[in-house]
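Asks: Please see the structure below; I have some questions.
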Amino acid sequence: MLKRKTHTLIEIYCDDLQEGLWFARLSPDLASSPIRPIGERNTNPPAVERLLRYDRPDIIVLVDGEPKLVVEKTSEVPTGHNVGQRFGRFANAVEERVMVVFFLPFVAMKHGRYAGVCYIPARLFMALERMEEIHGVPVLAVNWPCDSRYELIRDGSQDKEMKRLVDDLLKSHFIYSETRVIDELREIMKKEREARTNVEPSTAGPPPTVEIIETADYITHLRREFPTDFQNIPRDFHGRERTLVYKLGMTPEKCRREDPYTGTQFIYDYVWCRKGPNPSDKHTNLVLSVPRVSKRRWMEANPNDPTRKSAVYYATANIIVLKDGLIPCQSRVGPGSFGIGRLDTFIGG
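Per our numbering, the very first residue in the sequence shown carries number 724; after that it's consecutive.
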């Protein structure tokens, strides 16, 4: 265990041991820090449990028992379908006012059937920046560099920026405002977002699965299609001028899944809907549309059960619109819900 002159104790909790070992190797000062596995729900210290409300992050760093850093690491360029898979973990962290670092390639070669050079879409950077703006804690993407052929560098030098950041956090005792490298990495993010927007402007806007429409028009549609369930629409839904509809292309046979949808909704929420730190603080409604799945099948596969990841579907959306009706969302896993018991709800038949 690491003890500094300020009596700082640093503990590394990880979802996978190799990720914990990787993080510990980023600084000699972490060599003796304990590496602990993230256990099943309700088996971890409360400080860790608070960061598991939506999903399990790769790494949680505790400083004197308090969470100070959440780290996600991936060698995949997040494009297309998988772009938002980890964003629920980020949302949970910033809601708890914990710094986030996403270590990933900004550009790299994708292999396989759809091989080619892939770049991060601008909207990913926009969502991270918006999370920081709303919650007031650093939210950084750190580049995993590649070589001239766009192949990822794996000789150890790829961790250079992460090492600088961790060393600076240790020197500042995890006081974010005194960590100068944060400002440098934030500027790199900004330039990368601007470059992506200039080269491919469409990646700064909603993808084809998202439509932003006038709420009055959408309410007219819902009243016509679902006259019985229409009365269950929350009152505040009517008061917002615009509504973002995120279409999930699930089938009844394959609707018991969470990734990437539960995380991706947070990208659209923060970039185009949110105005404040609570999920209810929206200027634009957020709707999950699943037009091929019935309510009964949906609730069988994805109940609002806080012991299951499917509860995240209800964490920030206003309503879920299905083939034969709609479900108003009441979060069981949002801010302040730590320690809540099992509560399933089902509206309609």
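Note that CB positions come from ideal geometry on N, CA and C, so glycine has one too.
Given K913, which residues of its chain have a CB within under 6 Å of its CB, disregarding the five upstream and five downstream residues?
Replies: Residue numbering aside, residue 913 sits at position 190 when the sequence shown is read from its first letter. Excluding residues within five positions, none has a Cβ falling inside 6 Å.
Asks: For R846, which three-state DSSP category applies?
Replies: Locating residue 846 in the sequence shown gives position 123, counting from the first residue. In this structure, R846 counts as helix in the three-state DSSP scheme.
Asks: What would DSSP say about I761, mapped onto helix, strand or coil?
Replies: Translated into the one-based positions of the sequence shown, residue 761 becomes position 38. Note: I761 maps to coil in three-state DSSP.
Asks: Would you mind sorting H961 into buried or exposed? The rule is 16 or more other CB atoms within 10 Å of its CB.
Replies: The residue you call residue 961 lines up with position 238 of the sequence shown. Its Cβ having fewer than 16 others within 10 Å, H961 is exposed.
Asks: So, with DSSP's three-state summary, where would you put S1012?
Replies: The sequence position of residue 1012 within the sequence shown is 289, counting from 1. In the structure shown, S1012 sits in a strand (DSSP, three-state: E or B).
Asks: Between E772 and R836, what straight-line distance do the alpha-carbon atoms span, to the nearest angstrom?
Replies: Here residue 772 refers to the residue found at position 49 when the sequence shown is read from its first residue. Here residue 836 refers to the residue found at position 113 when the sequence shown is read from its first residue. Looking at the two C-alpha atoms, the distance is approximately 39 Å.
Asks: Please state whether the Cβ-Cβ distance between A1038 and G807 is less than 9 Å.
Replies: Start at 1 with the first residue of the sequence shown, and residue 1038 comes out as number 315. Start at 1 with the first residue of the sequence shown, and residue 807 comes out as number 84. It is not a contact, given that the beta carbons lie outside the stated cut-off.
Asks: Closer than 7 Å by C-beta to M724: which residues in its own chain qualify, once you throw out the five before and the five after it? Chain order, please.
Replies: Counting from one through the sequence shown, the residue named residue 724 turns up at place 1. Confidence is the limiting factor: at M724 the pLDDT is only 47, short of 50, which leaves the residue's position unreliable and the question unanswerable from this model.
Asks: Taking just the CA atoms, how far does S880 sit from P751?
Replies: As a working note, residue 751 is residue 28 in the sequence shown. As a working note, residue 880 is residue 157 in the sequence shown. Their backbone Cα atoms lie some 16 Å apart in a straight line.
Asks: Excluding the 5 residues preceding and the 5 following R846 in the sequence, name in chain order all residues of the same chain whose CB lies nearer than 7 Å to its CB.
Replies: Numbered from 1 along the sequence shown, position 123 holds the residue referred to as residue 846. Cβ neighbours of R846 beyond the five flanking positions: T926, A927, I990, V994.
Asks: My output table needs one value for G835: the three-state DSSP class, helix, strand or coil.
Replies: What you label residue 835 is simply residue 112 of the sequence shown in a count that begins at 1. DSSP places G835 in coil when its eight states are reduced to three.
Asks: Exposed or buried, which one is E795 when buried takes at least 16 other CB atoms within 10 Å?
Replies: As a position in the sequence shown, residue 795 is number 72, starting the count at 1. Buried: at least 16 other Cβ atoms inside 10 Å.
Asks: Please classify L740 as buried or exposed, where buried requires at least 16 neighbouring CB atoms within 10 angstroms.
Replies: As a working note, residue 740 is residue 17 in the sequence shown. Classification for L740: exposed.
Asks: Just grab the DSSP bridge partners of L863 for me.
Replies: For this step, residue 863 is matched to residue 140 along the sequence shown. V824, per the DSSP bridge assignment.
Asks: Need the endpoints of the beta strand (DSSP E) that L1049 sits in, please.
Replies: Mapped onto the sequence shown, residue 1049 falls at position 326. Its beta strand (DSSP E) spans residues 1048–1051.
Asks: In whole angstroms, what separates the C-alpha of Y736 from that of R759?
Replies: Along the sequence shown, one-based indexing puts residue 736 at 13. Along the sequence shown, one-based indexing puts residue 759 at 36. Between Y736 and R759, the C-alpha separation is close to 5 Å.
Asks: Let me check understanding here. Comparing Cα to Cα, which of K1046, Y899, C1052, G1048 lies closest to V824?
Replies: For the purposes of this step, residue 824 is taken as residue 101 along the sequence shown, with counting starting at 1. Nearest option by C-alpha distance: Y899.
Asks: Name the one or two DSSP bridge partners that C841 has.
Replies: Within the sequence shown, numbered from 1, the residue matching residue 841 stands at position 118. DSSP output for C841 lists A831 as bridge partner(s).
Asks: Does R997 come out as helix, strand or coil in the three-state DSSP assignment?
Replies: For the purposes of this step, residue 997 is taken as residue 274 along the sequence shown, with counting starting at 1. Here R997 sits in strand by DSSP.
Asks: Report the CB separation of T985 from V922 in whole angstroms; it is logged as a contact under 8 Å.
Replies: For this step, residue 985 is matched to residue 262 along the sequence shown. For this step, residue 922 is matched to residue 199 along the sequence shown. That belief does not hold up - the Cβ atoms of T985 and V922 are roughly 30 Å apart, past 8 Å.
Asks: For E734, count neighbouring C-beta atoms within 10 Å of its own C-beta (all shown protein chains included) and say buried if the count is 16 or more, exposed if not.
Replies: Stepping through the sequence shown from its first residue, residue 734 is reached at position 11. E734 is buried by the Cβ-count criterion.
Asks: Who does P790 pair with in a DSSP beta bridge?
Replies: Within the sequence shown, the letter at position 67 stands for residue 790. According to DSSP, which records beta bridges pairwise, P790 is partnered with L785.
Asks: Which stretch, first to last residue, makes up the alpha helix (DSSP H) that contains Y941?
Replies: Taking the sequence shown and counting its residues from 1, one reaches residue 941 at position 218. Note, Y941: alpha helix (DSSP H), 938–948.
Asks: What is the DSSP secondary structure of Y1036, counted as helix, strand or coil?
Replies: Position 313 of the sequence shown, counted from the first residue, corresponds to residue 1036. In the structure shown, Y1036 falls within a helical segment according to DSSP collapsed to helix, strand and coil.
Asks: Evaluate the contact criterion for the stretch 880–897 versus the stretch 840–854: three or more CB pairs, one atom per stretch, below 8 Å.
Replies: no
Asks: Quick check: what's the CA-CA separation for D738 versus R947?
Replies: Counted from its first residue, the sequence shown places residue 738 at position 15. Counted from its first residue, the sequence shown places residue 947 at position 224. Near 47 Å, if we compare the C-alpha coordinates of R947 and D738.
Asks: Hey, would you say R963 sits closer than 9 Å to T938, going by beta carbons?
Replies: Here residue 963 corresponds to residue number 240 of the sequence shown, with the count starting at 1. Here residue 938 corresponds to residue number 215 of the sequence shown, with the count starting at 1. A contact, by the Cβ cut-off of 9 Å.
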